[in-house]
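These notes concern the structure reproduced below.
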Amino acid sequence: MGLLWIYPSLLTLHLLTPNQALRTYPDNEVTLLDSMSALGDLGWVAYPSEGWEEISVMDERNTPMRTYQVCNVMEANQNNWLRTSWIPRDGAQRVYIEIKFTLRDCNSLPGVPGTCKETFNMYYYESNNNNLWFIKESQYVKIDTIAADESFTQVDVGDRVMKLNTEVRDISLLSKKGFYLAFQDVGACIALVSVRVFYKKCPLTVRNLAQFPDTVTGGDSALVEVRGSCVNSSEEFDTPKMYCSADGGWLVPIGRCACKPGFEERKDICQPCRPGFYKASAMDAYCVKCPPHSYSNLDSASECVCEKGYYRAETDPRSMACTRPPTAPENPISTINETTVTLEWSPPRESGGRGDVSYNVHCRKCSSDGRKCSPCSSGLHFVPRQFGISYAKVLITDLLPHTNYTFDIEAVNGVSDLSPSPKQCISVNITTSQAVSVILKERKSKDSITLAWQGPERANGAIVEYEVIYYEKNQRDQNYTVLKTKSNSMTVDGLKPGTTYVFRVRARTDGGYGNYGGEIELETSHEDMLAIGDPNQPTILAVSIAGGIVLLIFLVACFVVSGRHCGYIKAKQDPDEEKLQFQHGRVKLPGSRTYIHPHTYEDPNQAVRDFAKEIEASSIRIERVIGAGEFGEVCSGRLKLPSKREIYVAIKSLKAGYSDKQRQDFLSEASIMGQFNHPNIIRLEGVVTKCKPVMIITEFMENGSLDSFLKKHDGQFTMIQLVGMLRGIASGMKYLSDMNYVHRDLAARNILVNSNLVCKVSDFGLSRVLEDDPEAAYTTRGGKIPIRWTSPEAIAYRKFTSASDAWSYGIVMWEVISYGERPYWEMSNQDVIKAIDEGYRLPAPMDCPVVLHQLMLDCWEKGRSDRPKFGQIVNTLDKLIRTPSSLKQLANSSVWQDPTTPDFTVNTVEEWLDAIKMGQYKDNFSSAGYVSLESVLYISISELGKLGIALAGHQKKILSSIESLQTQGTHLQV
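Final position of the sequence shown in my numbering is 976; the numbers increase by one with none missing.
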């Protein structure tokens, strides 16, 4: 045994090892084997038998420890093995081995040959068998050669204290059920004090209301993705995930859970709302106080119950105050004109706290004494309608003459049908009359006119007399004459020769005067003669007021149709229209640089060959789908051409089953794009036409379309950055204009943005769907037009020029400054057309400089020759970029920056929205029933989304103002 007598004495020394009972390990470590915890023999296998020896010793606390030692240093060629028992890996793919040992310095051993070692080796062997009695040395996998940081000498022994060496090694990618460890001594003096085998895990934790279980780390340095489960009373808002690192730490929390309605987050758990509070949506963060006229008596309320007499409509947001039906309308006024009546009234004194008050008109036909009434027939016509009237006025036509009617006008709102009480209404009683039916029997001379008429069919009593009123045409206000007669005819003398007079007749009965009949225009003769026919056989002319109106409408319609038709023809024949010159079968437009229309080729494929480079399909690697176009999928990928570096590209493919025309239309975009070469025009890389699928390859724009990009980054750019984007678009359009190319569909959705914020004009397809929204385009005989971006002359006459593109550019400017807001908001296309024709122009977006809005207005001049050219637009924007101070004056800043009016008092929702420059959302709030400032105090961000307010910047501004209202009341600090 050589110097074995030296070594055992060391085992009684004071080893600096912690007591077994006091040993603690980190939470993220799971121990598979710990020799220090053994209460008896470890029972490990040693061979040869005279090598490693198990010895029990006492530590400084007199606690027994099981150790292994070997010290055969006097003999050469040592090969002593010590193998542990089978260690289950417990599902771990990577385990760690921590060993504590002491090692004797060979130099401190007298007479020891040069074969003495100060290292030993550590091995492992994987196995599903937990009862192997023999393992060949060659089957072991070496872990490492272990050396001591500190070895001891005889002097250390004298001090009776020595320090342990601690080394940690790991084994990766384990796959079998368990493994054995082995220690090889090749001639050292060692005491193996403890061996601990463990693996690491990410311990159970809760993040963002999601619980992540104990997770064993991966077999290498890769992260393990773990999906969390929502804690009590919560639900997934966005799939919660975290990554378990190789060191047993949680990284990169993604997604979250949200407390269910009726619960709010408090210290990683969901607690119920207290009585008097509620939470309607998981998207809301906290419970809020019940809105006015509602309450909650129990915990975890998702909505508050309305007080007695108050109601909440099914479509009302839960944050809205409970409301009640309105009172009856007031101050009714009726105006009768023969068989037509106009009813007007004042709104109800109490609207019930809502802004959706409308009116219904119920009609009853009554007997003369008013005691017996029955519903009116369906022959009456109500303008604008009978039920659901928005304004306090209605016109009712086609009433029966001399008939008593009762009209009940009721006010209703969104909760009227929920109330058991009858609806409040006010009644109006009217009696219709009938005018004189004039059958004119005329006889004219140079100074007199004789006329006759027929009285009303159903007069309101006996006719006492008739009243005739007449005046010179166009002189009614200056001079008119009233004559009376009991006869059905009259001769009017003393008239001027050759002059046109207007006559009207009405009857007076015992019940009073009736209504005047229609106007009759008659002209006296220049000479004394009968106007028509023989005096013994006078001509009878029946005058119908309704017929006259129909004739007038017909003539006006003919005039309008004729005028529009003429205007259209004039526009088509406008001498300013650009002329086409044909040369060699191609269209050549005026100017030194020309754009050639691909449809002028007899063979469209030749246009593709002339302007687009053919690319081998093998040079393209498609990586992922990023969208869908009219003709097929749009993908991103890489293009590697010979002798060139690999670049990212966008790939448009033509879907299977296409027709020849679809193929030509698809490739025509490449024929157009290939003619352009400008940094602000999307670059064509080439086409694939010799194999399927047919593809168009363009440069890849990392940030996608401009409108989506701006919405995603609302409020995140400086004004100079936005102007720089606009300058790039204008530069690209100047290039197209110089090439005599008219885009026709310039909009932010057709501008692409790369990673450097460079904007490039795209979408040059000749047959394209302008928008997915069917309401976005107004269909004419020539195809679809994007109304909101198109100039008036292009809408009316399809007259597309660079000037119409300039109009569209003004809309793009508005989109950019407003961060992708929809032009004209929710106005219908017909309303947009009408408003523009009447001179309406989009107002300046929030925080828009005056100079930029003025440039927009210049682009929206009605006369196309008055609009700026793209070269002028580029020069203007260059000046603004060189002088940023010119952008400081804002178009909508006067109210906010007036130092004499630091405070602004608001009393209504409309005044509040105007004060914070959010007036475009008045209808959104009104339609949802927010009509009082008290009702908006509890609006959450989720409710703003339901109101159609999607822009993050606008939501932030409104919520900030609501906080001000809550703290300051209606005295709003701006």
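All residues carry an ideal CB built from backbone N, CA and C; glycine is no exception.
Predicted model, so just to flag it, every value in this text is computed and none were measured.
C-beta contact flag for residue i and residue j at 7 Å
i	j	result
Y182	Y127	yes
G381	D400	yes
S429	T405	no
S376	K367	yes
M858	G812	yes
A749	F702	no
6 Å Cβ shell around residue i - same chain, five flanking residues per side excluded
i	result
S491	A454
K475	T502, V504
F766	E671, I674, M675
R229	K243
C-alpha gap between residue i and residue j, whole angstroms
i	j	result
Y125	K144	4 Å
I684	K762	5 Å
G734	N682	5 Å
A193	S223	33 Å
L889	M721	8 Å
D1059	E305	Residue 1059 falls outside the range modelled here, since the chain spans only 3 to 976, and no answer is possible.
S527	I398	42 Å
S739	S962	45 Å
Y940	E823	26 Å
A284	C246	28 Å
Q186	F214	42 Å
M76	E120	14 Å
R611	R665	14 Å
T325	K425	15 Å
D172	N81	24 Å
D880	H956	30 Å
R68	V254	43 Å
R445	I789	58 Å
V834	L844	10 Å
I838	R387	28 Å
K713	F927	22 Å
Neighbour-count burial assignment, residue i, 16 or more Cβ in a 10 Å radius
i	result
N1	Residue numbering for the chain in the displayed model covers 3 to 976; residue 1 lies beyond these limits and cannot be assessed.
E965	exposed
D807	buried
N74	buried
F279	buried
I960	buried
M60	exposed
T86	buried
G676	buried
S153	buried
D868	exposed
S379	exposed
A630	exposed
G565	The pLDDT assigned to G565 is 39, lower than 50, so where the model puts this residue is not dependable; a value taken from the coordinates is nonetheless given after this. By the 10 Å Cβ count, G565 comes out exposed.
V689	buried
H978	The requested residue 978 does not occur in the structure, where the chain is confined to residues 3 to 976.
P90	exposed
Residue i versus the options, residue with shortest Cα-Cα distance
i	options	result
N167	A893, V197, P255	V197
V343	D747, G841, I432, C375	I432
S235	A248, D249, R268	R268
F384	C365, S369, R373	C365
G116	K488, Y799, N926, A78	A78
M848	G865, Y821, D839	Y821
P331	A323, S392, S369, A282	S392
Contacts around residue i, its chain only, beta-carbon distance under 7 Å, and the 5 residues preceding and following it disregarded
i	result
P274	G264, F265, D301, S302
P319	A930, E945, K948
I883	I722, V725, G726, R729
T493	S450, T452
E352	P328, T329
A609	P600, Y603, S673
S418	P327, K425
Proximity test, residue i beta-carbon vs the ligand NAD heavy atom, cut-off 6 Å
i	result
Y743	As far as ligands go, the structure on display features none, and thus does not contain the ligand NAD.
Cβ neighbours of residue i in the same chain (closer than 8 Å, five flanking residues each side left out)
i	result
Q718	none
L643	I617, S621
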